[in-house]
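Novice:
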Amino acid sequence: MNRPGEKEAMAKAARKLLLTNRRTVCGYTFTIPSPYEYKHQWLWDSCFHAIVLRHFDMQAAEAELRSLMASQHRDGMVPHESKYTLFAAMLPYTSRITQPPIIARAALDVYEKSRNRKFLSEIFPKLQKYHAWLECKRETGNVLKVVDSNESGEDNSILWDDELTIPTHMTYLRWLTTYVPLMPQRAAIISVKATAFYADSIGCMAKIAGILGNTQLSRNYSAKKACVLAAMRKRFRQKDGLYHSLTRKGKVIAYKTNSLFAPMFAGAITKPEAKKLVEEHLLNANEFWTNYPIPTVAISEKKFSARGYWRGPTWININWMVHRGLRAYGFKTVAEELLQKTHAVIKKSGFREYYNPITGDGLGAKQFGWSTLVLDMMKNSS
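If you count by the working numbering, then the sequence shown holds residues 1234 to 1615, one letter each, in order.
#1: Using 9 Å as the threshold, is the C-beta distance between S1478 and I1422 below it?
#2: Extract the residue ranges of the alpha helix (DSSP H) inside the segment 1443–1474, only unbroken runs of 4 or more that lie entirely within it.
#3: Where T1575 and Y1588 are concerned, what is the direct C-alpha to C-alpha distance, given to the nearest angstrom?
#4: At the level of alpha carbons, what is the spacing between N1254 and P1268?
#5: List the endpoints of the continuous beta strand (DSSP E) containing Y1344.
#6: So if DSSP puts Q1274 in a beta bridge, which residue, or which two residues, is it bridged to?
#7: First and last residue of the alpha helix (DSSP H) that includes V1607?
#8: Expressed to the nearest angstrom, what Euclidean distance is found between the alpha-carbon atoms of E1241 and A1577?
#9: Hey, out of R1287, K1482 and M1465, whose CA is closest to R1338's CA?
#10: For the 8 Å Cβ check, are there 3 or more pairs between the segment 1509–1521 and the segment 1448–1468?
#11: Rounded to whole angstroms, what's the CA-CA distance from M1610 to A1340? Just pull it up for me.
#12: Does the segment 1432–1448 come within contact of the segment 1509–1516, defined as at least 3 CB pairs closer than 8 Å?
#13: Assuming R1256 is part of the beta strand (DSSP E), what are its boundary residues?
#14: Mind checking which residues open and close the alpha helix (DSSP H) that includes V1578?
#15: With the cut-off set at 9 Å, would you say M1243 and I1551 are in Cβ contact?
#16: How close, in whole Å, do the beta carbons of L1276 and T1327 come, if the pair is a contact with beta carbons under 8 Å?
#17: Where does the unbroken alpha helix (DSSP H) through F1352 begin, and where does it stop?
#18: Of the residues K1467, F1564, A1495 and K1378, which one's Cα is nearest the Cα of K1504?
#19: Tell me whether Q1274 is buried or exposed, calling it buried when 16 or more other Cβ atoms sit within 10 Å of its Cβ.
#20: Near M1438, which residues of its chain fall below 7 Å by C-beta distance, leaving aside the five closest residues on each side in sequence?
#21: Buried or exposed: where does Q1573 fall if 16 or more other Cβ atoms within 10 Å of its Cβ makes it buried?
#22: Have a look at L1596 and N1389 and give me their C-alpha separation to the nearest angstrom.
#23: I need the boundaries of the alpha helix (DSSP H) containing L1298, first residue and last residue.
#24: Report all residues from its chain with a CB closer than 8 Å to the CB of E1569; omit the five preceding and five following residues, and keep chain order.
#25: By how many angstroms is the C-alpha of D1433 removed from the C-alpha of K1482?
#26: Between the beta-carbon of N1383 and the beta-carbon of K1426, is there less than 9 Å?
#27: Curious, which full-length beta strand (DSSP E) runs of at least 3 residues does the segment 1521–1563 contain?
#28: Do L1301 and C1280 come within 9 Å of each other at the CB atom, strictly closer than that value?
#29: Are L1510 and F1494 touching if we call contact CB-CB under 9 Å?
#30: Could you tell me the distance, in whole angstroms, from the CA atom of V1631 to the CA atom of G1545?
#31: How long is the line joining the alpha carbons of I1441 and Y1344, rounded to whole angstroms?
#32: Return the CA-CA distance between E1368 and H1306, expressed in angstroms with no decimal places.
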């Protein structure tokens, strides 16, 4: 990204994609992930879209989050998917699961560009209700459980193989039709990544409460975040210093996946731990530092599949997560290298859903919205 104009061209392409994917239904405007395959609204996607939109269209960024919260259920749950034909929070038209919490992060990021306190005041009560639901329905000992592989955001991740007995990626669709209805009762993972997003989200809630003048509530959220970070160290940290998710029965899920880096995003680990994680694993060419990183599963894992959806390919939202963690811990040179490689894969294959981490070939949906997160990575590096 050293040639004159390359950065500007990437930003222009990202802007065009997101604005092309905008839809208005029932008075709500949002961005669909892809006009070819994903024509509804998703929680993670809308948050990532808002984070990028804030760099060039603040009204669109705020509208994205308003639309997302319009589908909030009465009990506070925000569904991971809402049918774009109706925003009435009626169960037949939304999913009954959520995704790792990033709404507060998106709202705070949008505010930090707009300084629109009115928007924060509008959305904060809904975020409070959502966090109360998470604490009641998903929290267990200050860490988060995920009751559905789709709720994890990584639908067919190898982390679920043992818990759900999914033998291969090829059988995944057949398995979906028979097993998914029973998942909330029969399966759960105590998730490192979901908890990392939860900790970050609680920290954002503390900042928002402070901005809105509620000092005591801000302190309460800060104290809660400290409890979550402490629980992460107690529950997830293993003898090798890595943080691994657990089965519902407490068994360590020892696969090396991108979740290893989630504690950096949350600020949950020490600087020496982060240094070891970066040097021995992220920058390890036999694990995660491929031609086009970061693979969702280390290439050293037997179950790694370069084209296997969440079982190996590179996803830009994961690069975004790791990029933020690297910068937070002072690894700015590595963060810049990751940005350069992320830019390279998009330049090679366009804004695709995911990518082969070895060849850089684009896979999945085309014109995929959250892959524009490279723009936010660029802005944070400038």
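Ideal Cβ placement from N, Cα and C applies to all residues, glycine included.
Specialist: Taking the geometry as given:
#1: Indexing the sequence shown from 1 puts residue 1478 at position 245. Indexing the sequence shown from 1 puts residue 1422 at position 189. It is a contact, given that the beta carbons lie within the stated cut-off.
#2: 1448–1469
#3: What you label residue 1575 is simply residue 342 of the sequence shown in a count that begins at 1. What you label residue 1588 is simply residue 355 of the sequence shown in a count that begins at 1. Near 10 Å, if we compare the C-alpha coordinates of Y1588 and T1575.
#4: Within the sequence shown, the letter at position 21 stands for residue 1254. Within the sequence shown, the letter at position 35 stands for residue 1268. Straight-line Cα distance between these residues: approximately 6 Å.
#5: The residue given as residue 1344 occupies position 111 in the sequence shown. Not the beta strand (DSSP E): Y1344 falls in the alpha helix (DSSP H), residues I1336 to S1347.
#6: Locating residue 1274 in the sequence shown gives position 41, where the first residue counts as 1. Partner(s): S1315.
#7: Here the question's residue 1607 lines up with position 374 in the sequence shown. First-last of the alpha helix (DSSP H) with V1607: L1606 to S1614.
#8: Taking the sequence shown and counting its residues from 1, one reaches residue 1241 at position 8. Taking the sequence shown and counting its residues from 1, one reaches residue 1577 at position 344. Each residue's alpha carbon lies about 14 Å from the other.
#9: The residue you call residue 1338 lines up with position 105 of the sequence shown. It is R1287 whose Cα lies nearest to the Cα of R1338.
#10: no
#11: If you number the sequence shown from 1, residue 1610 lands on position 377. If you number the sequence shown from 1, residue 1340 lands on position 107. Looking at the two C-alpha atoms, the distance is approximately 17 Å.
#12: no
#13: Start at 1 with the first residue of the sequence shown, and residue 1256 comes out as number 23. Taken as a continuous stretch (DSSP letters only), the beta strand (DSSP E) holding R1256 covers R1255 to V1258.
#14: The sequence position of residue 1578 within the sequence shown is 345, counting from 1. Unbroken alpha helix (DSSP H) run through V1578: K1565 to S1582.
#15: For the purposes of this step, residue 1243 is taken as the residue at position 10 of the sequence shown. For the purposes of this step, residue 1551 is taken as the residue at position 318 of the sequence shown. Result no, Cβ atoms of M1243 and I1551 do not sit closer than 9 Å.
#16: One-based indexing of the sequence shown puts residue 1276 at position 43. One-based indexing of the sequence shown puts residue 1327 at position 94. Their Cβ separation, rounded to whole angstroms, is 10 Å, which puts L1276 and T1327 out of contact at 8 Å.
#17: Here residue 1352 refers to the residue found at position 119 of the sequence shown. R1350 to K1370 is the span of the alpha helix (DSSP H), which, as asked, contains F1352.
#18: For the purposes of this step, residue 1504 is identified with residue 271 of the sequence shown, where counting begins at 1. Considering only alpha carbons, the answer is F1564.
#19: Position 41 of the sequence shown holds residue 1274. Buried, by the Cβ-count rule.
#20: Walking along the sequence shown from the start, residue 1438 turns up at place 205. Hits under 7 Å: A1337, L1360, H1364 and Y1454.
#21: Mapped onto the sequence shown, residue 1573 falls at position 340. Its Cβ having fewer than 16 others within 10 Å, Q1573 is exposed.
#22: To locate residue 1596, count along the sequence shown from 1; it is residue 363. To locate residue 1389, count along the sequence shown from 1; it is residue 156. Their Cα atoms are separated by approximately 15 Å.
#23: As a working mapping, residue 1298 is identified with position 65 in the sequence shown. M1291 to M1302 is the span of the alpha helix (DSSP H), which, as asked, contains L1298.
#24: For this step, residue 1569 is matched to residue 336 along the sequence shown. Correct list, in chain order: S1614.
#25: Locating residue 1482 in the sequence shown gives position 249, counting from the first residue. Locating residue 1433 in the sequence shown gives position 200, counting from the first residue. Taking the straight line joining both Cα atoms gives about 26 Å.
#26: Taking the first residue of the sequence shown as 1, we reach residue 1383 at position 150. Taking the first residue of the sequence shown as 1, we reach residue 1426 at position 193. For N1383 and K1426, no; Cβs fall outside 9 Å.
#27: none
#28: Your numbering for residue 1280 matches position 47 in the sequence shown. Your numbering for residue 1301 matches position 68 in the sequence shown. The answer is yes: Cβ separation under 9 Å.
#29: Stepping through the sequence shown from its first residue, residue 1510 is reached at position 277. Stepping through the sequence shown from its first residue, residue 1494 is reached at position 261. In contact: L1510 and F1494 (Cβ atoms closer than 9 Å).
#30: Here the chain covers residues 1234 to 1615 and nothing more, so residue 1631 does not appear.
#31: For this step, residue 1441 is matched to residue 208 along the sequence shown. For this step, residue 1344 is matched to residue 111 along the sequence shown. Near 9 Å, if we compare the C-alpha coordinates of Y1344 and I1441.
#32: To locate residue 1368, count along the sequence shown from 1; it is residue 135. To locate residue 1306, count along the sequence shown from 1; it is residue 73. Each residue's alpha carbon lies about 15 Å from the other.
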